[in-house]
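Please read the structure below before turning to the comments.
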Ligand code: ADP
Ligand code: MG
């Protein structure tokens with residue numbers, strides 16, 4: 052198999068024809084804290100095709116979460132624009148923005164952010180209730196989603212009765228509740244051990260392949276490289292480079308020496324399929 056076909060076969064929806072589901076144009080974000088000014092983003096322009104799995108990689112403090120917040124409509128750029136399906140997010144009123152966040156985007160966070168007093172099922176059905184589903188419809192879909200993420204027997208568990216990996220599975224089910232077109236994940240494996248992290252990455256990839264959801268994940272977890280269609284390397288608030296996974300193996304030698312020696316094998320193993 053050539054590298055060309057390897058890249059396309061993992062991302063059939065991310066071909067040249069795929070429409071650009073997210074575009075950012077010269078996005079800048081400046082935080083002012085008293086006297087101090089932090090330029091968290093210094094002009095980020097990018098395009099993400101529908102169905103892509105893209106990882107935003109970079110060291111701590113490089114601006115990943117800030118970019119995540121801009122794309123997710125959780126915060127506004129100081130300058131520049133973010134377009135979701137060609138709609139300028141800054142032009143949306145509060146109601147439209149709430150609609151976008153509820154229906155179009157699913158969010159996954161490092162610390163899971165589940166509601167502690169609610170069961171797994173209630174956590175998953177809550178966004179469906181906001182979207183107007185009846186409680187029966189929400190319940191049925193919630194159970195289906197929890198089964199899909201491997202939590203069949205844990206539907207009535209509360210977050211404190213679940214492991215970190217299980218809590219993140221609930222969060223993934225919740226993120227998929229309203230069948231979003233975009234799944235935004237900020238360090239989804241940041242609080243998980245190596246093998247649990249692997250499982251969560253595989254599950255997110257499954258959502259990407261099966262449901263065709265566009266995945267945008269901010270991470271510095273090198274395990275994420277092997278499932279990403281493209282990797283956007285960010286440094287000091289600017290895009291350093293954008294790489295396709297197929298091209299990445301050229302650089303894998305330098306990656307192999309870091310915390311995840313298994314990256315090289317993961318990428319090779321993936322190619323064999
Ligand atoms: P990353 O997610 O890559 O670790 P962040 O986007 O969280 O990076 O942060 C980028 C920079 O912006 C950092 O220098 C951080 O300290 C700063 N920053 C992030 N959020 C805020 C905030 N709400 N107020 C002030 N500074 C912030
Ligand atoms: Mg962050």
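In our numbering, the protein residues as written are 52 to 324. Cβ atoms here follow ideal geometry from the backbone N, Cα and C, with glycine treated the same way.
8 Å Cβ shell around residue 111 - same chain, five flanking residues per side excluded: 271
Enclosing beta strand (DSSP E) for residue 236 [first to last residue]: Element bounds for residue 236: 233-237.
Contact check, residue 74 vs residue 103, beta carbons under 8 Å: Result no, Cβ atoms of residue 74 and residue 103 do not sit closer than 8 Å.
Contacting residues, own chain, Cβ-Cβ under 8 Å from residue 243 (five flanking each side not counted): If you ignore the 5 residues before and after residue 243, its C-beta comes within less than 8 Å of the C-beta of 215, 216, 219, 251, all in its own chain and listed in chain order.
Exposure of residue 301, with buried meaning 16 or more beta-carbon neighbours within 10 Å: Note that residue 301 scores 47 on pLDDT, short of 50, meaning its location in the model is unreliable; the coordinates nonetheless yield the value given after this. So residue 301 counts as exposed.
Extent of the continuous beta strand (DSSP E) to which residue 79 belongs: 71-84
Residue 268 beta carbon near the ligand MG (any heavy atom closer than 7 Å): no
Length-filtered (4 minimum) alpha helix (DSSP H) runs lying within the stretch 214-299: 215-226, 245-261, 296-299
Expected contact under 8 Å - CB spacing of residue 267 and residue 233 to nearest Å: 7 Å
Residue 131, DSSP secondary structure in three states: strand
As assigned by DSSP and simplified to three states, the class of residue 302: Caution is warranted here: a pLDDT of 49 is assigned to residue 302, below 50, making its placement in the model unreliable, and the coordinate value is therefore given only provisionally. Three-state DSSP puts residue 302 in coil, outside helix and strand.
Closer than 7 Å: residue 108 CB and nearest the ligand ADP heavy atom: no
Inter-residue spacing [alpha-carbon to alpha-carbon] between residue 124 and residue 289: 19 Å
Bridge partners - residue 193, DSSP secondary structure assignment: The partner list for residue 193 (beta bridge, DSSP) is empty, contrary to what the question assumes.
Enclosing beta strand (DSSP E) for residue 108 [first to last residue]: 104-108
Beta-carbon gap between residue 91 and residue 80 smaller than 8 Å: Going by C-beta atoms, residue 91 is nearer than 8 Å to residue 80.
Cβ neighbours of residue 126 in the same chain (closer than 8 Å, five flanking residues each side left out): 80, 117, 120
When 114, 84, 105 are compared against residue 287, the one with the closest alpha-carbon: 114
DSSP-derived helix/strand/coil call for residue 97: strand
Straight-line Cα distance separating residue 236 from residue 95: 18 Å
Beta-bridge pairing of residue 138 - partner residues as DSSP gives them: 135
Beta carbon of residue 129 nearer than 8 Å to that of residue 139: Residue 129 is not a Cβ neighbour of residue 139, given a cutoff of 8 Å.
Range of the contiguous beta strand (DSSP E) that encloses residue 119: Run containing residue 119: none in the beta strand (DSSP E); it sits in the alpha helix (DSSP H), 115-122.
Residue 273 to residue 151 span [Cα, whole Å]: 30 Å
Check your reading: residues with Cβ closer than 5 Å to the ligand ADP heavy atoms: 82, 89, 91, 111, 112, 113, 114, 115, 116, 117
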